[in-house]
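Engineer:
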Amino acid sequence: MKKKNFAILLVVLGILVVIYIIQQLSPGKKTIAETMVKLFPGFEPSDVSLISVYKEQYPDSGIAFARKDTGWIVTSYHDAPGKKTDIEKIMIDAKNLRGEVRSTNPSLLGDFGLADSEALHLKLMKQDSSVVLHFLAGKGIPDAPRSSFIRRAGSDTVYKADENFISRFAMWNAEPWRKIQVNRWIELKMFDFPLDSVIAFDLVVKGKTDRFMKEKLAVEDTAAPPKFSWKQIESGLGKKLEESEISNILNRLTNMRAIDLTSGDSLRAAGLEKPAARAVLTVANWGSVEISFGAMADTLQKTRYAAVSGNPFVYKVSDSMYESIFVTPFKKSN
């Protein structure tokens, strides 16, 4: 190549570089952050008392929540107590939802999974069921798992949004008729008080009682925090337990979490009118709490029915949990 032609090419390259730099520094040039817009300006979570999430053609596959004075409940599932933090995060994320426009062509809604008949509908309402916000969640984006396509109901504008509501409800690539998983939204911890607040408890099996009491230990330093130990004061099942074994049982009881729940209308069928075993906890500044264990709920899944005094639900708990409280600790070693 002649030196003259090479020099001309260098000049042209230099001009192109200058033009590129000017374009990048131009005030009219928008960054990615500047193309992102707030999808639902003016939306306030405090206005919402009801939430319904569903597929239009399969309404029975959805889930519904309601705000009560005592907290959120899952109205579509026995009015079960809902997980407050997770439910309110739906509204908080909707309030903060941002996205960039990907289409305004109604004929392309199906490409984004946002046709009315296929999208996941999220309808947020006031107590009188008037709609505060209704939007649709479409396909997730494989290379951006925290994103999904979103549009407001009645609008053809599609956004790539910075939240994935499809994954949140475990509906990514799900069949249209598949029901939304309920257990991830209901509170399955059977009661809520600190382990340290329990001062005594009984285990009762077939009329035989094992009784345990928390005792305060004598200490030389009276200014130090008090120390306690657990002692078995009655042995109906025939084996004295070590303090560590007693503490393990109490820990399992106070942290007991069910696998599922149903309404409390079936106590007899669940074997809970005359339970096979009971745990009675005495709680400081609370009173007595009784956990009853009934018949097997499912022999294949190995779950057992259980109920808590003053609680309107019948729970299903792991049979291995039952065994670890009433059976295994009392087995005598050979």
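As numbered in the numbering used here, residues 1 to 334 make up the sequence shown, in order.
Ideal placement from N, C-alpha and C gives every residue a C-beta, glycine not left out.
Measure the CB-CB distance between residue 304 and residue 204 and report whether it falls below 8 Å.
Structural biologist: Cβ atoms of residue 304 and residue 204: not closer than 8 Å.
Engineer: Taking the straight line between their C-alpha atoms, what separation do you get for residue 327 and residue 168?
Structural biologist: About 39 Å.
Engineer: Taking only the alpha-carbon atoms, compute the straight-line gap between residue 230 and residue 242 and give it to the nearest angstrom.
Structural biologist: In a straight line, the C-alpha of residue 230 is about 9 Å away from that of residue 242.
Engineer: If we require 4 or more residues per run, which alpha helix (DSSP H) segments fall completely within the segment 100-171?
Structural biologist: Entirely contained in the segment 100-171, the alpha helix (DSSP H) runs reaching 4 residues are, in chain order, 165-168.
Engineer: Rounded to the nearest angstrom, what separates residue 57 and residue 179 at their Cα positions?
Structural biologist: If you take the alpha carbons of residue 57 and residue 179, they lie about 12 Å apart.
Engineer: Please name the residue, chosen from 84, 318 and 293, that lies closest to residue 306 on a Cα-to-Cα basis.
Structural biologist: Comparing Cα-Cα distances from residue 306 to each of 84, 318 and 293, the minimum goes to 293.
Engineer: What three-state label does DSSP hand residue 94 in the structure shown?
Structural biologist: Residue state, collapsed to three classes: helix.
Engineer: Which whole-angstrom value describes the C-beta separation of residue 126 and residue 132, a residue pair presumed to lie in contact below a C-beta threshold of 8 Å?
Structural biologist: At roughly 6 Å, the Cβ-Cβ gap stays under 8 Å, so residue 126 and residue 132 are in contact.
Engineer: Can you look up residue 27 in the DSSP assignment and give me helix, strand or coil?
Structural biologist: Because residue 27 carries a pLDDT of 49, less than 50, the predicted location of this residue cannot be relied on, and the following value inherits that uncertainty. The answer is coil: DSSP assigns residue 27 none of H, G, I, E or B.
Engineer: Throw me the rounded Cβ distance for the residue 74 and residue 62 pair, which I believe falls under 8 Å.
Structural biologist: Contact doesn't hold; Cβ gap of about 11 Å is too wide.
Engineer: Distance, Cα to Cα, residue 240 vs residue 188?
Structural biologist: Residue 240 and residue 188: Cα-Cα distance of roughly 32 Å.
Engineer: Could you give the C-beta distance for residue 314 and residue 270, rounded to a whole number, given that I count them as a contact under 8 Å?
Structural biologist: Right, the Cβ-Cβ distance comes to about 5 Å (below 8 Å), so this counts as a contact.
Engineer: Looking at the structure shown, is residue 304 part of a helix, part of a strand, or coil, going by DSSP?
Structural biologist: Three-state DSSP puts residue 304 in a strand.
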